[in-house]
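K.L.:
I'd like to ask you about the structure that follows.
Numbering (my numbering), first residue to last: 270 to 457.
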């Protein structure tokens with residue numbers, strides 16, 4: 270998916286989800302998956318920081334962070350906001366590097382409870398709901414949206430491995446040594 274919300278929209282969506290789950294009496298499960306580049310995780314990290322600054326609820330929501338990039342690790346170090354109506358930190362859980370593991374972790378953490386704040390078909394799991402309705406989750410940014418900066422994260426081709434010339438010399442030296450030993454054995 271290449272659709273990515275702004276950090277303000279994502280923080281607002283997460284805050285609405287937290288408030289709805291608080292009203293329903295359950296723990297909110299938020300999703301954040303980042304791509305392989307550093308720039309792809311900036312929007313969810315800014316949204317997480319904005320969420321920490323504006324939260325006033327007493328809950329500890331669960332943030333399912335994952336992906337192949339380093340942004341999920343940076344989410345572990347997000348400090349809580351220090352102003353007087355401070356809320357507890359968000360629990361960050363690594364959900365896996367690939368999409369299948371992330372979806373399975375998200376489904377297991379959500380359990381069998383339905384979402385309280387939105388209608389959901391009965392045959393759809395909670396994890397699949399975030400992928401079919403992307404306005405609720407932070408999904409990786411596509412390459413089109415980070416041009417020209419995606420070139421920075423492009424892997425460079427390594428030079429081809431040159432054959433080791435020492436291996437040829439070792440083979441010749443060992444052949445000469447074997448030949449000399451055979452000649453010495455025949456002469457003696």
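Backbone N, C-alpha and C define an ideal beta-carbon position, used for all residues, glycine too.
Do you know offhand how far residue 378's Cα is from residue 332's?
P.N.:
On the chain shown, position 109 is the one that residue 378 refers to. On the chain shown, position 63 is the one that residue 332 refers to. Residue 378 and residue 332: Cα-Cα distance of roughly 10 Å.
K.L.:
Could you check how far apart the C-beta atoms of residue 340 and residue 314 are, in whole angstroms? I think they sit under 8 Å.
P.N.:
In the chain shown, the residue the question calls residue 340 occupies position 71. In the chain shown, the residue the question calls residue 314 occupies position 45. Sure, about 6 Å apart at Cβ, within 8 Å.
K.L.:
How would you write the range of the alpha helix (DSSP H) that residue 483 sits in, first residue to last?
P.N.:
Within the shown structure, residues of the chain are numbered from 270 to 457, placing residue 483 beyond reach of any answer.
K.L.:
On the three-state DSSP scale, how would you describe residue 306?
P.N.:
Residue 306 sits at position 37 when you count from the first residue of the chain shown. Here residue 306 sits in coil by DSSP.
K.L.:
Using CA atoms only, rank isn't needed, just tell me which of 337, 295, 365 is closest to residue 310.
P.N.:
Position 41 of the chain shown holds residue 310. Considering only alpha carbons, the answer is 337.
K.L.:
Pull up the distance between the alpha-carbon of residue 360 and that of residue 437, whole angstroms please.
P.N.:
Counting from one through the chain shown, the residue named residue 360 turns up at place 91. Counting from one through the chain shown, the residue named residue 437 turns up at place 168. Their Cα atoms are separated by approximately 58 Å.
K.L.:
Could you check what DSSP says for residue 298 in three-state terms: helix, strand or coil?
P.N.:
Sequence index remark: in the chain shown, residue 298 carries index 29 (1-based). Note: residue 298 maps to strand in three-state DSSP.
K.L.:
Go ahead and label residue 301 buried or exposed: buried means 16 or more other beta carbons lie within 10 angstroms of its beta carbon, across all protein chains shown.
P.N.:
For this step, residue 301 is matched to residue 32 along the chain shown. By the 10 Å Cβ count, residue 301 comes out buried.
K.L.:
Under the three-state reduction of DSSP, which class applies to residue 359: helix, strand or coil?
P.N.:
Here the question's residue 359 lines up with position 90 in the chain shown. It is coil, neither helix nor strand.
K.L.:
Tell me which residues share the same chain as residue 280 and place their Cβ nearer than 6 Å to its Cβ, disregarding the 5 neighbours each side in the sequence.
P.N.:
Numbered from 1 along the chain shown, position 11 holds the residue referred to as residue 280. Only 316, 319, 320 meet the Cβ criterion.
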